[in-house]
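In this note's numbering, the protein residues as written are 404 to 694.
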């Protein structure tokens, strides 16, 4: 095995786009998300097929970025179960830390009209990444807008950290539709003293308006269709087999077949750590790109 990053040449050949321009052109907060779980070899072929005007996010000379997130839920896992049963009022709450910059956000994702995803977020002190309390009024306001008749007010939700995730991300901009594509590799999940790794696979997500992107069409032509995966809910179902996993059963059986679960030490009373997105043992050197 060599130190060359398979697929890295294709990513490096792309023209860069800065964060400010990307946000102006393609940072959709209300959008249609399509997710694909793919072998890294398929990703390599996909990159070579992309049009020459595809651009890649570059910040301070970097094109690959480490993310870690911490997901919050109630003691009865309301967020998980609403997602598992595909309820319209489902929500996800997380803090997200961008490792390179140290920037942190408190984020809420809800279900919008016609299956769209609505993401609202608040700049957050990274020292508070393991609690939602400093941003509680923001959370309550967002969830109150989605509250159904007869539901308890969001102020009554007891939220604590449940699952940590870590991965590396590259972000592409497709100028023809001003849509965005994220490619996550080096994926891992942490639940208490359990850590799950997914070597050799990537999660590709297209984020578009009403029109499918060029990436979607290329994958459809290659007989790959959007799959059901939620980094929070699918990861938790993989680590806790007693939980319902209906929406992700096929994904878990097919795409998580190579998953590795291992025990990791946890400090007594500590919240689930959001794992660092680093290369898994035995995985090719593709921690943020493809092969």
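The beta carbon of each residue, even a glycine, is placed where N, CA and C say it ideally should be.
Please read all numbers here as calculations on a predicted model, not as lab measurements.
TODO: Would you kindly work out how many angstroms separate the C-alpha atoms of residue 533 and residue 477, rounded to a whole number?
DONE: As a working mapping, residue 533 is identified with position 130 in the chain shown. As a working mapping, residue 477 is identified with position 74 in the chain shown. Looking at the two C-alpha atoms, the distance is approximately 14 Å.
Open item on the list: Quick check for students: name the residue ranges of the alpha helix (DSSP H) that lie wholly in the stretch 614-674, counting only runs of 4 or more.
Closed with: With a minimum length of 4 residues, the continuous alpha helix (DSSP H) runs that stay inside the stretch 614-674 are 617-624, 634-642, 652-657.
Open item on the list: With three or more beta-carbon pairs closer than 8 Å as the criterion, would you say the stretch 574-591 touches the stretch 442-462?
Closed with: Verdict: yes, contact present.
Task: Per-residue DSSP class, three states only, for residue 534 - done: Position 131 of the chain shown holds residue 534. Coil, per DSSP.
- [ ] Find out if the Cβ-Cβ distance for the pair residue 546, residue 538 is shorter than 8 Å.
- [x] Here residue 546 refers to the residue found at position 143 of the chain shown. Here residue 538 refers to the residue found at position 135 of the chain shown. Their beta carbons are not under 8 Å apart, which means residue 546 does not touch residue 538 by this criterion.
Open item on the list: Quick check on the DSSP output: the alpha helix (DSSP H) that includes residue 488 runs from which residue to which?
Closed with: Numbered from 1 along the chain shown, position 85 holds the residue referred to as residue 488. Following the DSSP letters along the chain, one finds residue 488 in no alpha helix (DSSP H), marked with neither H nor E.
TODO: Decide if the stretch 592-601 is in contact with the stretch 654-664; the criterion is three or more beta carbon pairs, one per stretch, under 8 Å apart.
DONE: Flag = yes, the stretch 592-601 and the stretch 654-664 touch.
Task: Residues of its chain near residue 465, where Cβ-Cβ distance is below 8 Å and the 5 sequence neighbours each way are ignored - done: Taking the chain shown and counting its residues from 1, the one referred to as residue 465 is at position 62. If we look at residue 465 and ignore the five residues flanking it on each side, its Cβ neighbours are 503.
- [ ] Only counting runs of 3 or more residues, tell me where the beta strand (DSSP E) segments fall wholly within the stretch 564-618, in order along the chain.
- [x] You should have 582-594, 597-600, 604-611.
- [ ] Using three-state DSSP, classify residue 414 as helix, strand or coil.
- [x] Position 11 of the chain shown, counting from 1, holds the residue named residue 414. Residue 414 falls in the helix class under three-state DSSP.
TODO: Let me know if residue 571 comes out buried or exposed under the rule of 16 or more other beta-carbons within 10 Å of its beta-carbon.
DONE: Within the chain shown, residue 571 is the residue found at index 168, counting from 1. Burial of residue 571 is indicated by the presence of at least 16 other C-beta atoms within 10 angstroms of its C-beta.
Open item on the list: Let me check understanding here. Comparing Cα to Cα, which of 460, 426, 447, 479 lies closest to residue 420?
Closed with: Locating residue 420 in the chain shown gives position 17, counting from the first residue. Nearest option by C-alpha distance: 460.
TODO: Would you list the one or two residues that DSSP bridges to residue 461?
DONE: The residue given as residue 461 occupies position 58 in the chain shown. BP columns for residue 461 are empty, so no partner.
- [ ] Could you work out which residue in 632, 457, 639 is closest to residue 580 when comparing CA atoms only?
- [x] Against the chain shown, residue 580 aligns to sequence position 177. Out of 632, 457, 639, 457 has the C-alpha closest to the C-alpha of residue 580.
- [ ] Flag this pair as touching only if the stretch 478-488 and the stretch 601-620 have three or more C-beta atom pairs under 8 Å; answer yes or no.
- [x] The stretch 478-488 vs the stretch 601-620: no contact.
- [ ] Name the two residues that bound the continuous alpha helix (DSSP H) containing residue 539.
- [x] Counting from 1 along the chain shown, the entry for residue 539 is found at position 136. DSSP places residue 539 inside the alpha helix (DSSP H), whose first and last residues are 539-548.
Task: Coil, strand or helix - residue 424 by DSSP - done: The residue given as residue 424 occupies position 21 in the chain shown. In the structure shown, residue 424 adopts helical secondary structure according to DSSP, grouped into three states.
TODO: Mind checking who residue 475 pairs with in its DSSP beta bridge?
DONE: Position 72 of the chain shown, counted from the start, is the residue given in the question as residue 475. Residue 475 is bridged to 496, 564.
Task: Closest Cα partner of residue 613 within the set 604, 522, 582, 417 - done: For the purposes of this step, residue 613 is taken as residue 210 along the chain shown, with counting starting at 1. Ranking the options by Cα distance to residue 613, first place goes to 582.
Open item on the list: Can you give me the C-alpha to C-alpha distance between residue 643 and residue 521, rounded to a whole angstrom?
Closed with: Position 240 of the chain shown, counted from the first residue, corresponds to residue 643. Position 118 of the chain shown, counted from the first residue, corresponds to residue 521. For residue 643 and residue 521, the distance between alpha carbons rounds to 27 Å.
Open item on the list: Can you find the residues in the same chain that come closer than 6 Å, C-beta to C-beta, to residue 513, ignoring five residues on each side of it along the sequence?
Closed with: Here the question's residue 513 lines up with position 110 in the chain shown. These residues qualify, in order along the chain: 494, 521, 549.
Open item on the list: Let me make sure I understand the geometry here. Which of 414, 412, 441 has the alpha-carbon closest to that of residue 623?
Closed with: In the chain shown, the residue the question calls residue 623 occupies position 220. If you compare the alpha carbons of 414, 412, 441 with that of residue 623, the shortest gap goes to 441.
TODO: Taking only heavy atoms of the ligand FMN into account, decide whether any of them is closer than 7 Å to the Cβ of residue 626.
DONE: By its list of ligands, the structure shown contains no ligand whatsoever, and the ligand FMN lies outside what it can speak to.
Task: Range of the contiguous alpha helix (DSSP H) that encloses residue 451 - done: In the chain shown, the residue the question calls residue 451 occupies position 48. Under the DSSP assignment, residue 451 falls in the alpha helix (DSSP H) whose first and last residues are 443-452.
Task: residue 648 versus residue 485 - alpha carbon distance - done: Translated into the one-based positions of the chain shown, residue 648 becomes position 245. Translated into the one-based positions of the chain shown, residue 485 becomes position 82. Roughly 12 Å between the two C-alpha positions.
Task: Contact under 8 Å by Cβ, residue 654 with residue 632 - done: Residue mapping note: residue 654 aligns to position 251 of the chain shown, counting from 1. Residue mapping note: residue 632 aligns to position 229 of the chain shown, counting from 1. The answer is yes: Cβ separation under 8 Å.
Open item on the list: Could you tell me the alpha carbon to alpha carbon distance between residue 529 and residue 496, rounded to whole angstroms?
Closed with: To locate residue 529, count along the chain shown from 1; it is residue 126. To locate residue 496, count along the chain shown from 1; it is residue 93. A straight line joining the alpha-carbon of residue 529 with that of residue 496 spans about 15 Å.
Open item on the list: Tell me which residues share the same chain as residue 435 and place their Cβ nearer than 6 Å to its Cβ, disregarding the 5 neighbours each side in the sequence.
Closed with: The residue labelled residue 435 in the question sits at position 32 within the chain shown. Contacts found: 519, 611.
Open item on the list: Please report the distance separating the alpha-carbon of residue 628 from that of residue 542.
Closed with: Counting from 1 along the chain shown, the entry for residue 628 is found at position 225. Counting from 1 along the chain shown, the entry for residue 542 is found at position 139. Rounded to the nearest angstrom, the two C-alpha atoms are 33 Å apart.
TODO: Identify, in the order they occur along the chain, each residue of the same chain with its Cβ nearer than 7 Å to the Cβ of residue 672, setting aside the five sequence neighbours on each side.
DONE: In the chain shown, residue 672 corresponds to position 269, counting from 1. Reliability fails at residue 672, whose pLDDT of 47 lies under 50, so the model's placement of it is uncertain and the value that follows must be treated cautiously. Excluding the 5 residues flanking it on each side, residue 672 has no same chain C-beta neighbour closer than 7 Å.
Task: CA-to-CA distance, residue 563 to residue 657, given in whole angstroms - done: For the purposes of this step, residue 657 is taken as residue 254 along the chain shown, with counting starting at 1. For the purposes of this step, residue 563 is taken as residue 160 along the chain shown, with counting starting at 1. Inter-residue distance for residue 657 and residue 563 is about 31 Å (C-alpha atoms, whole angstroms).
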